[in-house]
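Trainee: Protein chains in written order, with the working numbering: chain P, 1 to 103; chain B, 1 to 393.
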């Protein structure tokens with residue numbers, strides 16, 4: 001066997017070992033802690049709102065139960081609101097400041 | 001073509017790659033980065049989806065909301081009596097909750113009213129709250145970490161003044177903060193007693209925000225839901241399954257947008273490779289011609305080219321996925337995670353949990369490796385089926 005395949009197999013095995021090592025490290029140190037999982041489930045059972053506290057553009061997903069000033073037409077029993085068509089942004093504070101004299 | 005690995009051919013393929021070292025390295029780097037970018041999006045979406053799905057099954061089976069003029073409105077608590085008469089319904093509870101807009105910070109908090117005498121309340125609260133220094137008091141306020149930080153910046157460290165719709169003030173003592181483990185769920189939440197929530201939102205005692213219904217047998221949920229719809233024609237009946245589908249959709253929508261962008265860039269990359277390899281003056285084409293002149297069969301040439309492409313794409317795949325894992329789970333995906341998080345003022349500092357999803361890994365593999373192999377093999381085949389002298393010339 002010449003030098004090139006030897007080098008290649010050495011490189012490939014190092015890469016694979018490193019990759020498996022990374023997976024193991026993440027599995028051990030960065031996967032969900034069972035205690036945290038228990039707490040999350042207890043909390044969601046108590047409050048009944050599973051929404052994650054991250055902002056999503058689709059307002060109906062975060063706290064879909066309530067109609068807000070973002071919703072122009074809240075859906076009826078058969079039709080769900082869908083993003084963009086019923087979505088409205090509140091004007092920024094700068095807008096209010098600039099237009100305060102006109103009111 | 002035999003399925004057995006021809007080691008002499010593999011050695012030749014490695015030699016061919018080593019001869020064009022700079023090209024090999026360049027292609028591997030670009031392909032690795034493309035795969036890393038795609039994998040990162042999938043990994044972030046997967047982690048968030050996993051976070052959601054592990055708590056979703058604790059939800060009540062059915063949520064009932066009243067609609068008036070197509071808009072959500074408060075429901076009468078007396079509806080519970082007729083709901084409990086439906087066969088299959090195990091329990092029904094009225095909930096009082098809503099948004100509280102804190103004008104000074106321009107932030108919206110989620111305010112939930114819970115009954116301190118409800119089953120499991122105290123036990124669960126002790127489990128998830130730090131500094132829980134109240135037991136049976138009805139005037140209490142437990143907040144998420146994000147809310148606590150915002151209130152602190154406005155000097156509300158001991159108590160908070162809620163402004164009622166009529167302009168009056170409700171002052172509640174700050175009694176606890178939710179644990180950081182549940183920050184993703186509780187960051188923007190304020191938990192008060194039902195009584196205080198009614199006072200803050202000016203909701204009458206016989207009204208509620210919605211009613212949650214527990215159904216003992218999961219197979220009866222659809223029947224109970226249709227009965228509820230008949231019983232309350234003005235209400236919206238939301239099943240747990242509908243909520244789960246909505247959540248999955250929104251996360252898939254976000255990763256889908258980026259998958260589309262990625263596919264465009266991936267195809268551009270393969271087009272360039274294809275174009276380059278089928279170019280008349282390309283080195284590879286000349287090499288194929290020489291091999292043919294030396295007596296190589298078409299299938300051997302294709303096999304050798306397959307080895308070359310497979311080696312490059314597999315190494316790029318492992319490198320790309322490795323980079324993505326490091327970027328997402330160890331560096332916590334700076335920049336990219338804001339695509340999923342949004343730009344809320346109440347930014348939570350949650351950690352993306354590692355989820356090994358073999359389906360995602362194989363999806364990324366099949367999106368990258370076979371396409372690259374095809375983009376290399378097809379031009380090689382076109383050159384290999386021509387006469388040797390024609391190709392070399």
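Here a beta-carbon is modelled for each residue, glycine too, at the ideal position from N, C-alpha and C.
1) Consider the Cβ of residue 329/B: report whether some Cβ of chain P lies at a distance smaller than 8 Å.
2) Please confirm whether residue 31/P has its beta-carbon closer than 8 Å to some beta-carbon of chain B.
3) Just checking my contact of residue 92/B with residue 213/B at CB under 8 Å: how many whole Å lie between their CB atoms?
4) Do you know offhand how far residue 174/B's Cα is from residue 84/B's?
5) Counting only Cβ-Cβ distances shorter than 7 Å, please list the residues of the segment 15-36 of chain B near chain P, keeping chain order.
6) Does residue 63/B pass the burial test, meaning 16 or more other C-beta atoms within 10 Å, or should it be called exposed?
7) Residues bridged to residue 161/B by DSSP?
8) Kindly indicate which three-state DSSP category residue 227/B falls into: helix, strand or coil?
9) Please decide whether residue 45/P counts as near chain B, where near means a Cβ-Cβ distance under 8 Å.
10) Please list, in chain order, the chain P residues whose beta carbon lies closer than 9 Å to that of residue 46/B.
11) Taking the CB atoms as reference points, tell me whether residue 224/B and residue 43/P lie closer together than 8 Å.
12) What is the rounded straight-line gap between the Cα of residue 78/B and the Cα of residue 67/B?
13) List, in order along the chain, the chain P residues whose C-beta lies closer than 7 Å to that of residue 140/B?
14) Out of 326/B, 178/B, 172/B and 97/B, which one is the CA nearest neighbour of residue 41/B?
15) Could you name each continuous alpha helix (DSSP H) segment of 4 residues or more that falls completely within the segment 14-57 of chain B, going from the start of the chain to the end?
16) Taking Cβ-Cβ distances shorter than 8 Å, what residues in chain B pair up with residue 16/P?
17) Return yes when the Cβ of residue 51/B is within less than 8 Å of the Cβ of residue 52/P, no when it is not.
18) So if I threshold CB-CB distances at 8 Å, which residues from the segment 80-113 of chain B count as touching chain P?
19) Pick out whichever of 125/B, 16/B, 109/B and 207/B has its Cα sitting closest to the Cα of residue 446/B.
20) Below 8 Å, how does it come out for the segment 229-244 of chain B and the segment 316-330 of chain B: are there three or more Cβ pairs, yes or no?
21) Which chain P residues are close to residue 6/B, counting only those with a beta carbon under 9 Å from its beta carbon?
22) Where does residue 115/B sit, in a helix, a strand or coil, going by DSSP?
23) Alpha carbon to alpha carbon, what distance is there between residue 55/B and residue 383/B?
24) How is residue 302/B classed by DSSP in three states: helix, strand or coil?
25) Exposed or buried, which one is residue 100/B when buried takes at least 16 other CB atoms within 10 Å?
26) Name the residues in the segment 169-187 of chain B whose C-beta lies less than 8 Å from a C-beta of chain P; which are they?
27) Does any residue of chain B bring its CB to less than 8 Å from the CB of residue 34/P?
28) So, for residue 29/P: in the same chain, excluding its five sequence neighbours on each side, which residues have a beta-carbon less than 8 Å away from its beta-carbon?
29) In whole angstroms, what separates the C-alpha of residue 12/B from that of residue 269/B?
30) Which residues in chain P have a C-beta closer than 8 Å to the C-beta of residue 124/B? List them in chain order.
31) Please report the distance separating the alpha-carbon of residue 283/B from that of residue 20/P.
32) For residue 217/B, count neighbouring C-beta atoms within 10 Å of its own C-beta (all shown protein chains included) and say buried if the count is 16 or more, exposed if not.
33) Provide the residue span of the beta strand (DSSP E) that contains residue 102/B, from first to last.
34) Let me check understanding here. Comparing Cα to Cα, which of 211/B, 107/B, 104/B and 311/B lies closest to residue 74/B?
35) Closest to residue 188/B by C-alpha separation, out of 221/B, 204/B, 152/B and 144/B, would be which residue?
36) Given a threshold of 16 other Cβ atoms within 10 Å of its Cβ, counted over all protein chains shown, does residue 21/B qualify as buried or as exposed?
Mentor: Taking the definition as stated:
1) yes
2) yes
3) 5 Å
4) 36 Å
5) 15 and 18
6) buried
7) 171/B
8) helix
9) yes
10) Ordered by position in chain P, no residue passes the 9 Å Cβ test against residue 46/B, which lies about 12 Å from the chain.
11) no
12) 16 Å
13) Within 7 Å Cβ-Cβ: nothing; residue 140/B doesn't reach chain P, min ~14 Å.
14) 326/B
15) 21-56
16) 318
17) yes
18) 95, 97, 98, 99, 106, 110 and 112
19) Since the first residue shown for chain B is 1 and the last is 393, residue 446/B is missing from the structure and cannot be characterised.
20) no
21) For residue 6/B, none of the residues of chain P pass the 9 Å Cβ criterion, the least Cβ distance being about 13 Å.
22) Coil, per DSSP.
23) 57 Å
24) helix
25) Result: buried.
26) 178, 179, 181, 182, 183, 184, 185, 186 and 187
27) no
28) The answer is none, since no qualifying residue turns up.
29) 26 Å
30) 42, 43, 45 and 46
31) Taking the straight line joining both Cα atoms gives about 37 Å.
32) exposed
33) 89-102
34) Comparing Cα-Cα distances from residue 74/B to each of 211/B, 107/B, 104/B and 311/B, the minimum goes to 211/B.
35) 144/B
36) exposed
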